[in-house]
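Numbering (our numbering), first residue to last: 811 to 859. Let me begin by presenting the structure, written as structure tokens, before commenting on it.
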Amino acid sequence: MSAIPQDERQLIKMASGELAISRVRRSKAEAQETYDRISSLLALLLPVL
């Protein structure tokens, strides 16, 4: 099964690592966006409560 050369295997590992990193960054950005939305909603609601 190891027909894939070593250097190509390294490239595949690097590419999948980059993909995982970008996924984490994206989910962090989405979490921050959600947090910001909730914070601004609370800022609007607190004076009313």
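Beta carbons are placed, not taken as given, at the ideal position from N, Cα and C, and that holds for glycine. Source: prediction; values computed, not measured.
- Here the C-alpha atom of E840 lies approximately 11 Å from the C-alpha atom of R847.
- Here DSSP, grouped into helix, strand and coil, assigns L852 to helix.
- Sequence-distant Cβ neighbours of R833 in its own chain, meaning closer than 8 Å and more than five residues away, do not exist here.
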